[in-house]
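J.:
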Amino acid sequence: MLEKTYKVAAVQAAPIFMDLAATIDKGLHLIEEAARGGARLVAFPECWAPRYPWWVWLSAAAHNVKYFGLYHENSLVVDSPHFERLCAAARANCIFVSMGASERDHGSLYDAEHMPTPTIVKNESFDPAEE
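Here the working numbering is used: the first residue of the sequence shown is 324, the next is one more, and so on.
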């Protein structure tokens, strides 16, 4: 049996807190850097864009409500210009990308993993509205 090995890059960089545009810019730089280093796949952490909502565990929901609108508006929308930039970077750098993001779809947010390649694959792990 013929065995092949592939180089994989695991992102351990912080996103730009609650700033989707700046986080995507940083992500594009990291995708390019991984490809230049010979990686065939670059994997970002869960909810990397715009950031994992860790504050929901710190205190009562009433205290944290000030963050919910900002988190909602900075969540990634499939087929948005931000999403298309990720897809273009994957194609331009001939690399698979596993992007952990909060996805906004109509009124709901999803903890989603997107794989921008010439063929898009999406895995939604849960719907908070149904919890």
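Note that the Cβ used here is the ideal one computed from N, Cα and C, for glycine as well.
With the cut-off set at 7 Å, would you say residue 347 and residue 408 are in Cβ contact?
T.: Against a cut-off of 7 Å, the Cβ pair of residue 408 and residue 347 comes out as a contact.
J.: Which of the three DSSP states, helix, strand or coil, is assigned to residue 379?
T.: DSSP places residue 379 in helix when its eight states are reduced to three.
J.: Just checking, does the segment 410–420 make contact with the segment 357–366 on the three C-beta pairs under 8 Å criterion?
T.: Touching, yes.
J.: Closest by CA to residue 399, which one among 374, 386 and 385?
T.: Among 374, 386 and 385, the Cα nearest to that of residue 399 is on 374.
J.: One question on the structure: do residue 332 and residue 357 come within less than 7 Å of each other, judged by their Cβ atoms?
T.: It is a contact, given that the beta carbons lie within the stated cut-off.
J.: Once DSSP output is grouped into helix, strand and coil, what is the label at residue 391?
T.: If DSSP states are grouped into helix, strand and coil, residue 391 belongs with the helices.
J.: Is the beta carbon of residue 341 sitting closer than 7 Å to the one on residue 397?
T.: In this structure, residue 397 lies closer than 7 Å to residue 341 by Cβ.
J.: On the premise that residue 432 lies in contact with residue 395, defined as a C-beta separation below 8 Å, what is that separation, rounded to the nearest angstrom?
T.: At roughly 6 Å, the Cβ-Cβ gap stays under 8 Å, so residue 395 and residue 432 are in contact.
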